[in-house]
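**Q** Numbering (my numbering), first residue to last: 86 to 392. Each residue gets a CB set at the ideal place from its N, CA and C atoms; glycine is no exception. I have a structure I would like to understand better, so I am pasting it below and will then ask my questions one at a time.
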């Protein structure tokens, strides 16, 4: 099974694409790395940092690539793939890092036509609030989840290859349906980001905002860290997954109404029980997450030793 590539093309060489390029290089999974971006400044920076071997603003540079990694805003998927199609090798594998999957899959289906069989929809669950090539890390995906959402027409061989590749990079790969993915991540990713932005906006536009922000400490910092993420990217994600996100937002509003009632009635017992339940869930999640990371680290080391 192919898990290394002669020419890998990375479309979008910021944090996500740059980290993918760095990881491929670190694990010797690509002989030559080509970056495609609409910003020459970004390409120059990626070249200077050694993330890629060649950079271009024209998709023709990706001719003869046997792997294409798409790391662009989800609403750009169709246009980018359409521009790539004339230069796409018939056997090239294409995968992506989009945070929503149903819309990306339909965009890829329209753009790629018969080449769609070699498109493996993906979503690495990794990132930072900073972006650009300078933020890229070769270890960004190590010990992280990567969700693949194949559909009926996805080539089994292509899926197996991409799954194995992510394993070589130290990630844990899970398979979901596109609908399940978008529903799950509306709850555990998209809603938290929306709430972080909302809290910052609320405080910034409230009375005595300057005093409040001056007094804000670790709690505010930790809760709102992700509100420093790219507004353009998250606008796309929120709108692309708006149906599932609105459902989660409605559920969250109902929970807030319950909390409001607890406070209004001064019901200490109910409030403390509610908080304890949430705290226990968070602690258990943290423990399971730590154990999983330890297992992934050991598995990745074994994979490298066997490679």
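Strictly under 8 Å for the Cβ-Cβ distance: is residue 331 near chain B by that measure?
**A** The structure shown contains no chain B; it is built from a single protein chain.
**Q** Take residue 243 and list the residues in its own chain whose beta-carbon comes closer than 8 Å to its own, dropping the five residues that flank it on each side.
**A** Around residue 243: 178, 202, 203, 204, 205.
**Q** With 16 as the cutoff for other CB atoms within 10 Å, does residue 104 come out buried or exposed?
**A** buried
**Q** Which ranges does the beta strand (DSSP E) cover as unbroken runs of at least 3 residues, wholly within the stretch 195–220, from first to last along the chain?
**A** Whole beta strand (DSSP E) segments, 3+ residues: 207–209.
**Q** Can you name the start and end residues of the alpha helix (DSSP H) that residue 265 belongs to?
**A** 263–270
**Q** Excluding five sequence neighbours on each side, which residues of the same chain lie with their C-beta closer than 7 Å to the C-beta of residue 125?
**A** 142
**Q** Alpha helix (DSSP H) containing residue 168: first to last residue?
**A** 162–169
**Q** Go ahead and pull the three-state DSSP assignment for residue 257.
**A** strand
**Q** Should residue 290 go down as buried or exposed, given a rule of 16 or more other Cβ atoms within 10 Å for buried?
**A** exposed
**Q** Taking its Cβ as the centre, do 16 or more other Cβ atoms sit within 10 Å of residue 260, making it buried, or is it exposed?
**A** exposed
**Q** Following the continuous beta strand (DSSP E) through residue 293, name the residue where it begins and the one where it ends.
**A** No beta strand (DSSP E) holds residue 293; DSSP gives it neither H nor E.
**Q** Taking just the CA atoms, how far does residue 273 sit from residue 354?
**A** 28 Å
**Q** On the premise that residue 218 lies in contact with residue 127, defined as a C-beta separation below 8 Å, what is that separation, rounded to the nearest angstrom?
**A** The pair is a contact, with the Cβ atoms about 6 Å apart (cut-off 8 Å).
**Q** Let me check one thing: in DSSP terms, what residues is residue 139 bridge-paired to?
**A** 119
**Q** For residue 90, which beta-bridge partners are listed by DSSP?
**A** DSSP lists 115 as the bridge partner or partners of residue 90.
**Q** Are the beta-carbon atoms belonging to residue 211 and residue 186 less than 8 Å from one another?
**A** no
**Q** State the DSSP-derived secondary structure class of residue 151, mapped to helix, strand or coil.
**A** coil
**Q** Which residue wins for smallest C-alpha separation from residue 174, given the options 160, 148, 223, 159?
**A** Out of 160, 148, 223, 159, 148 has the C-alpha closest to the C-alpha of residue 174.
**Q** Which whole-angstrom value describes the C-beta separation of residue 140 and residue 122, a residue pair presumed to lie in contact below a C-beta threshold of 8 Å?
**A** 7 Å
**Q** With a threshold of 7 Å (Cβ to nearest heavy atom), would residue 337 be considered close to the ligand ATP?
**A** Questions concerning the ligand ATP fall outside what the structure shown contains, since it holds no ligand whatsoever.
**Q** Since residue 180 is in the beta strand (DSSP E), which residue starts that stretch and which ends it?
**A** 178–181
**Q** Check residue 461 in the structure and name its three-state DSSP category.
**A** Here the chain comprises residues numbered 86 to 392, so residue 461 is not present and cannot be evaluated.
**Q** Any contact between the stretch 153–171 and the stretch 188–199? By contact I mean 3 or more CB pairs, one from each, below 8 Å.
**A** Yes: at least three Cβ pairs fall under 8 Å.
**Q** For residue 236, which residues of its own chain have a beta-carbon under 8 Å away from its beta-carbon, when the five flanking residues on both sides are left out?
**A** 190, 206, 263
**Q** Grab me the residues of residue 319's own chain with a C-beta within less than 7 Å of its C-beta, minus the 5 sequence neighbours each way, in chain order.
**A** 278
**Q** Looking at the secondary structure, which residues open and close the beta strand (DSSP E) in which residue 233 lies?
**A** 230–233
**Q** Can you check which of these residues, 280, 332, 160, is closest to residue 182 by C-alpha distance?
**A** 160
**Q** On the DSSP bridge list, what partners appear for residue 101?
**A** According to DSSP, residue 101 bridges with nothing at all.
**Q** At what residues does the alpha helix (DSSP H) containing residue 237 begin and finish?
**A** It is not in any alpha helix (DSSP H) - residue 237 carries neither H nor E in the DSSP assignment.
**Q** Under the DSSP definition of a beta bridge, which residues are partnered with residue 95?
**A** DSSP lists 120, 154 as the beta-bridge partner residues of residue 95.
**Q** With residue 307 as the anchor, note down where its alpha helix (DSSP H) starts and where it stops.
**A** 303–309
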